[in-house]
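A.B. asks: Protein chains in written order, with full-length UniProt numbering: chain A, 1 to 131; chain B, 1 to 407.
Positions of the beta carbon are idealized from the N, C-alpha and C atoms, including for glycine.
Below is one structure. I have some questions about it.
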Ligand code: SF4
Ligand code: SF4
C-alpha cells in the first residue's frame, strides 16, 4: 500500500471494504473477512493513536457494550464473550472505556507506549459511592 | 409510478433559467437539493414545478443554505443518483467548501451557475467573479452565452460528468440576467431524444450497493492525499477534453447544433483578436464584423470550456494573430485577470509574437458597449502598427472617474 502510485488508486477518495461478495459479513469472523488492500482495515488509519484501551478481564461482565459502541469494530468478541482489542485497527477514541459499566471499569485508556501487564497489575480499585 | 411526457414545440421562447430547468427535467434528475438565490432561483423552482406536476420522478430536498444544498447533492450522488442543482454569487461562495468534496469524491453532479458579482458592495447583477472563484475546485466548467446554449450544455455536462472514465462534477455557467432572464427562441429536443442523449444513469461505487460496501470521502493525510489529487489533475488534463469533444460531435449529429471547446469567429485571417466569455462574445462578434467593414482584420475567440483550460485549442486559435486582448469580467484584486494569466501561460512557450493586453470590464452588471469594443479593437490595431504594446498591460473599461490602468 505504501508504494502505491497515483495511477493505481481507486478513483475518488474512496476505500473498498471487502473483496468480492460481502453478503454475510456480519456473520463472518473478523479474521476470516476478506478485506481488500484498499480497506480501512488494512490502511494505517490508526497512525495517530496516542492512547490505547487496555482490557482487564477480571472485572468484565461480558455485557458487550464496548463491542456495540466501538465505531471501528475493533473489539474482538467470540460467543458473546469479550476477548480483547484489535490493536491494528483501534484508533484510540476511548468510546469503549466511556461505555464500560463495571466498577472499576474493565477498559481504561493508557498511553500508547504503556506496558499492558504493568497497567493491569496496578488496576485501580473499586470506587465507593459517597452518600 | 410513471411520469408524464411534455409536448414541446420545435422552438420555445425560454429564458436561460427556464431552458436549464427544462434540460434538468428531460435528463430526469433523481435529486435536486437547493437553496434559492438570485438570479438562479427559477432553475430549481422550475424543477420543483415539473416534479409537482408529475413530469419527473425524483426528490426535491429543501435545505437551509447553499452549503447544505451541495452537501445534499454529494450525499445523493454518492448514494447512486443523478443529481443537479443551481446557484449564484454568494451562494456559490458558500458552496465552495463542499465543491472540493464533490470533485475529490469524483461525483458527477451538475451545477448550473448563473454568474453574478460577489459582495461587497451587494449586487445581484452579472459578472464572472463566482465563475472565477470555482476555477481551482476540480470541477469541469462549461460556459453558455445564450439560453439555447444553457439548454444544450446541460446535456453535454451530464454526458461528460457521468462518463465512467471521467466521473467529475461539471458546472454550466450562464450570465446573470443577460442570459438567465432574457427570453429567446430556443430550439428544443423532444423528451425521448433528449433523454437518449444522456441515457440511463449508471452509478459507480454507489453507497446503496450493499453487496459491495465502500467508504466515501476517506481520510488519507500525507500518505495518499497527493496521489489522489495527482490522479484527479491527470484526469482533468488528459481525459476530459476528448470526452467533451466526443459529446459535442454526438450532439451535433443529433441536433445539428455545433459546439467547440474554443469558439472562433472570423479568426481565419485575423490580425487582432478579443478573447472573452459569456454574453460579451456576441457583442464582440458584432463589433468585429463592423471592424472588418472598415478593413481591420478583427476576430473573436470565446472560451466554451474554462476548466480544464483548453491550452492547445487556445494556442491553435491564436497562433497567427498579432495582438490579443484578454477580457476579464471579474475583479482581479491585486493581479491581472485569470484569462490574461491563462493566455500568457498558454502562449509563452509558443512561437507567437502576439502582443497581449488585459482588460477588466462589466463588473457588477456594467454594460460592455459596442463603443468600448470599437475603441479596444482600435487600440489593438495601433499596437500591431507600432509593433509593440503601447497601452498598459491592464486597463479598466467603462469605470467612472480618471482612467484606471496598471502594469
Ligand atoms: S478506543 Fe475506540 S476504536 Fe479503540 S476499541 Fe475502544 S471504541 Fe474501539
Ligand atoms: S463494556 Fe466493559 S464489561 Fe462490558 S463487555 Fe466491554 S469490557 Fe466487558
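If you measure from the CB of residue 109 of chain A, is any heavy atom of ligand 2 nearer than 6 Å?
C.D. replies: No, the Cβ of residue 109 of chain A stays beyond 6 Å of every heavy atom of ligand 2.
A.B. asks: Who are the Cβ neighbours of residue 92 of chain A in its own chain at under 6 Å, not counting the five residues just before and after it?
C.D. replies: Taken in chain order, the residues that qualify are 49, 51, 52.
A.B. asks: List the residues of chain A whose Cβ lies closer than 7 Å to the Cβ of residue 181 of chain B, in chain order.
C.D. replies: Within 7 Å Cβ-Cβ: nothing; residue 181 of chain B doesn't reach chain A, min ~37 Å.
A.B. asks: Counting pairs of beta carbons, one from the region 238-250 of chain B and one from the region 344-359 of chain B, are three or more of them closer than 8 Å?
C.D. replies: With a cut-off of 8 Å, the region 344-359 of chain B and the region 238-250 of chain B do not count as touching, because too few Cβ pairs lie within range.
A.B. asks: Our contact map puts residue 22 of chain A next to residue 213 of chain B with C-beta atoms below 8 Å; I'd like the distance itself, whole angstroms only.
C.D. replies: At roughly 6 Å, the Cβ-Cβ gap stays under 8 Å, so residue 22 of chain A and residue 213 of chain B are in contact.
A.B. asks: Kindly indicate which three-state DSSP category residue 67 of chain B falls into: helix, strand or coil?
C.D. replies: In the structure shown, residue 67 of chain B sits in a helix (DSSP, three-state: H, G or I).
A.B. asks: At what residues does the alpha helix (DSSP H) containing residue 66 of chain A begin and finish?
C.D. replies: Per DSSP, residue 66 of chain A belongs to the alpha helix (DSSP H) from 65-69.
A.B. asks: Taking beta-carbon pairs under 9 Å, can you tell me which members of the region 185-219 of chain B lie near chain A?
C.D. replies: Result list: 204, 205, 210, 211, 212, 213, 214, 215, 216, 217, 218, 219.
A.B. asks: Run down chain B in chain order and give the residues with a C-beta less than 8 Å from the C-beta of residue 15 of chain A.
C.D. replies: Near residue 15 of chain A (Cβ distances below 8 Å), the residues of chain B are 214, 215, 218.
A.B. asks: Does the Cβ-Cβ distance between residue 106 of chain A and residue 63 of chain A come in under 7 Å?
C.D. replies: Cβ distance not < 7 Å, so residue 106 of chain A and residue 63 of chain A don't count as in contact.
A.B. asks: Could you tell me the distance, in whole angstroms, from the CA atom of residue 38 of chain A to the CA atom of residue 20 of chain A?
C.D. replies: Between residue 38 of chain A and residue 20 of chain A, the C-alpha separation is close to 13 Å.
A.B. asks: Report yes or no: do three or more beta-carbon pairs, one from the region 366-384 of chain B and one from the region 310-330 of chain B, lie closer than 8 Å?
C.D. replies: Touching, per the Cβ criterion.
A.B. asks: Could you name the residues whose beta carbon sits closer than 6 Å to any heavy atom belonging to ligand 1, keeping them in chain order?
C.D. replies: This selection yields A:53, A:70, A:72, A:74, A:75, A:85, A:90, A:91, A:92, A:93, A:94, A:95, A:96.
A.B. asks: Work out the CA separation of residue 346 of chain B and residue 338 of chain B for me, nearest whole Å.
C.D. replies: Approximately 12 Å, taken between the alpha carbons.
A.B. asks: Label residue 78 of chain A either buried or exposed according to how many other C-beta atoms from any shown protein chain fall within 10 Å of its C-beta, with 16 as the threshold for buried.
C.D. replies: Flag for residue 78 of chain A reads exposed.
A.B. asks: Which of the residues in the region 101-118 of chain B, read from start to end, lie with their CB under 8 Å from any CB of chain A?
C.D. replies: Hits within the stretch, in order: 104, 105, 106, 107.
A.B. asks: Find the nearest neighbour of residue 97 of chain B within the set B:80, B:108, B:136, judged by alpha-carbon distance.
C.D. replies: Answer by Cα proximity: B:136.
A.B. asks: Return the residue from the list B:128, B:331, B:20, B:50 that minimises the CA-CA distance to residue 43 of chain B.
C.D. replies: Considering only alpha carbons, the answer is B:20.
A.B. asks: What is the residue span of the alpha helix (DSSP H) that residue 224 of chain B lies within?
C.D. replies: First-last of the alpha helix (DSSP H) with residue 224 of chain B: 221-238.
A.B. asks: Taking 8 Å as the threshold, find out whether the region 99-110 of chain B comes into contact with the region 160-176 of chain B through three or more Cβ pairs.
C.D. replies: Because the criterion of three Cβ pairs below 8 Å is met, the region 99-110 of chain B and the region 160-176 of chain B touch.
A.B. asks: Given residue 45 of chain B, which residues of its chain have a CB within under 6 Å of its CB, disregarding the five upstream and five downstream residues?
C.D. replies: So no residue of the chain qualifies.
A.B. asks: Here's the rule: buried if 16 or more other CB atoms are within 10 angstroms of the residue's CB, otherwise exposed. What is residue 208 of chain B?
C.D. replies: Looking at its Cβ environment, which holds fewer than 16 other Cβ atoms inside 10 Å, residue 208 of chain B is exposed.
A.B. asks: Is there a Cβ from chain B that is less than 7 Å from the Cβ of residue 11 of chain A?
C.D. replies: True, the Cβ-Cβ gap to chain B drops below 7 Å.
A.B. asks: Pull the bridge partners of residue 105 of chain A from the DSSP assignment, please.
C.D. replies: Looking at the DSSP assignment, residue 105 of chain A forms no beta bridge with any residue, so it has no partner.
A.B. asks: Scan the region 125-139 of chain B for residues whose Cβ lies nearer than 8 Å to a Cβ of chain A and list them as they occur along the chain.
C.D. replies: Flagged: no residues at all.
A.B. asks: Skipping 5 residues on each side, what residues in its chain have a beta carbon closer than 6 Å to that of residue 61 of chain B?
C.D. replies: These residues qualify, in order along the chain: 33, 72.
A.B. asks: For residue 129 of chain A, which of helix, strand or coil comes out of DSSP?
C.D. replies: Reduced to three states, the DSSP call for residue 129 of chain A is coil.
A.B. asks: I'd like to check one pair, residue 329 of chain B with residue 127 of chain B: are the Cβ atoms closer than 7 Å?
C.D. replies: It is a contact, given that the beta carbons lie within the stated cut-off.
A.B. asks: Does the distance from the C-beta atom of residue 281 of chain B to that of residue 302 of chain B stay below 7 Å?
C.D. replies: A contact, by the Cβ cut-off of 7 Å.
A.B. asks: Starting from residue 371 of chain B, trace the beta strand (DSSP E) both ways and give me its first and last residue.
C.D. replies: Segment 370-386 is the alpha helix (DSSP H) holding residue 371 of chain B; no beta strand (DSSP E) there.
A.B. asks: What first and last residue would you give for the beta strand (DSSP E) that runs through residue 84 of chain A?
C.D. replies: 81-85 is the span of the beta strand (DSSP E), which, as asked, contains residue 84 of chain A.
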